[in-house]
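One structure is given here, and the rest of the page talks about it.
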Amino acid sequence: VEKAYKDVLRQSESEMLRDMIKEINDLGVEALERQIRVQLREKTITILVNLTVLKDERGNYLGVVVVLDDLTHLLKTQRMAAWKEVARRIAHEVKNPLTPIQLSAQRLRKKYMEKFSDDGKVFDECTSTIIRQVEELKTLVNEFSNFARMPSAEPTPNNLNTIVKETMALYESGHRNIVFHPILDEALPIVEVDREQIKRALINLIDNSITSVNSEGEISIETHFDRTLMIARIEVADNGCGILKEDKSRLFEPYFSTKKSGTGLGLTIVGNIVADHNGYIRIKDNIPRGTRVVIELPIEGVAV
């Protein structure tokens with residue numbers, strides 16, 4: 001479609017492109033490159049804009065070619081590699097002193113607890129706090145370790161509906177006040193996925209939903225088979241408190257959490273697992289209330 005760039009782009013992007021063209025002319029160069037961030041609906045993407053001047057064989061000016069490269073995934077991969085290195089170092093440096101701290105507090109309790117009279121309550125509270133906090137630190141460090149050494153997916157033929165049923169069974173008996181709805185597409189074919197990784201992703205998503213509904217509400221897990229696009233779709237939805245619009249773009253960043261006690265790694269791990277399966281994950285509002293997470297996985301080699 002032959003249209004002027006001003007008719008295609010929004011005003012902000014149009015002005016940016018016009019400024020770049022002016023800069024090329026002012027500097028007398030034949031190419032210019034800029035990295036910009038563009039807001040698209042509910043997410044921000046990073047674009048590399050490359051302008052190149054076109055000339056004929058006589059050197060006469062013909063126009064400018066603009067090439068746009070989406071760098072979002074590349075930058076995300078680079079950040080993820082950096083965060084994994086940070087997590088590995090934290091786990092290594094912090095984990096070593098935790099066990100002796102905890103053992104020392106336990107030995108103090110065992111040896112001196114009965115020898116205190118008036119101050120016995122203070123001693124009890126202090127040593128108990130040390131032991132409890134160290135245990136919480138160990139849990140956090142273990143999360144760092146798991147994130148840092150996440151293995152690559154090893155797909156094998158699996159039934160996604162079976163994985164969903166097995167995962168939901170882990171929660172139904174322990175959360176009597178939550179209604180779990182499995183809505184499974186029986187037409188879904190066998191899919192090449194890493195069973196344990198997909199189950200781990202579902203566990204992380206269900207844990208988030210349980211927190212969101214505050215231990216009382218409804219959680220559904222749906223599967224769908226899109227024959228046209230050859231995609232297996234998994235949707236985890238709840239009727240909880242939902243997610244703020246400004247938080248949605250950051251949910252898959254390491255160590256970003258909307259929960260007071262969250263490590264900020266749950267959705268990051270889910271995103272990594274989906275990416276390892278060449279899939280896509282999106283966060284949407286659940287109508288009329290709550291959050292809906294949509295995972296799409298490609299299906300190959302299935303006759304329809």
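Residue numbers (our numbering): 1 to 304. Cβ coordinates follow ideal geometry from the N, Cα and C atoms, glycine included. The model shown is predicted, which means the values in this text are computed figures rather than measured ones.
How many whole angstroms separate the CB atoms of residue i and residue j, which I take to be in contact at a CB cut-off of 8 Å?
i	j	result
ASP194	GLU143	Not confirmed; about 20 Å, so no contact.
GLU192	THR156	7 Å
ILE283	THR291	7 Å
VAL64	LEU54	7 Å
LEU71	GLN35	7 Å
Taking only the alpha-carbon atoms, compute the straight-line gap between residue i and residue j and give it to the nearest angstrom.
i	j	result
LEU170	PHE180	11 Å
THR127	ASN146	29 Å
GLY240	ARG37	32 Å
ILE21	VAL164	53 Å
LYS6	ASP226	37 Å
GLU33	GLU23	11 Å
GLU296	GLY242	21 Å
LEU48	VAL141	37 Å
ARG18	ASN60	20 Å
THR162	GLU235	15 Å
ASN158	ASN25	58 Å
ASN272	GLU172	27 Å
Please identify the residue among the options whose C-alpha is closest to the C-alpha of residue i.
i	options	result
ARG289	ARG250, SER209, VAL270	SER209
LYS245	ASP285, ILE183, GLU136, VAL86	ASP285
VAL134	LYS95, ILE47, ASN158, VAL29	LYS95
GLY279	ILE287, GLU300, LEU265	GLU300
THR99	ASP19, GLN197, GLU172, GLU136	GLU136
SER12	LYS3, ALA31, LEU27, LEU40	LEU40
Taking Cβ to Cβ, would you say residue i is nearer than 8 Å to residue j?
i	j	result
VAL213	ASP238	yes
ILE231	PRO298	yes
ILE366	ILE221	The requested residue 366 is not part of the displayed model; the chain covers only 1 to 304.
ILE131	ALA91	no
ASN204	LEU267	yes
VAL274	ALA187	no
PRO223	ASP247	According to the sequence as given, residue 223 is Thr; it is not Pro. No, these two residues do not count as a Cβ contact at 8 Å.
VAL294	ARG250	no
LYS138	GLU166	no
GLU85	THR52	no
LEU276	SER152	The question names Leu, yet the displayed sequence has Asp at residue 276. Cβ atoms of ASP276 and SER152: closer than 8 Å.
Which of the three DSSP states is assigned to residue i in this structure?
i	result
ARG10	coil
PRO97	helix
LEU188	coil
LEU17	helix
LYS3	coil
PHE116	coil
GLU218	strand
ASP311	No answer is possible for residue 311: the residues shown for the chain start at 1 and end at 304.
HIS277	coil
ILE45	strand
GLU125	helix
ALA232	strand
VAL304	Residue confidence is low: VAL304 scores 49 on pLDDT, short of 50, so the model does not pin down where it sits. No coordinate-derived value is stated.
ILE299	coil
Within 7 Å: the Cβ of residue i and any heavy atom of the ligand FMN?
i	result
VAL213	Questions concerning the ligand FMN fall outside what the structure shown contains, since it holds no ligand whatsoever.
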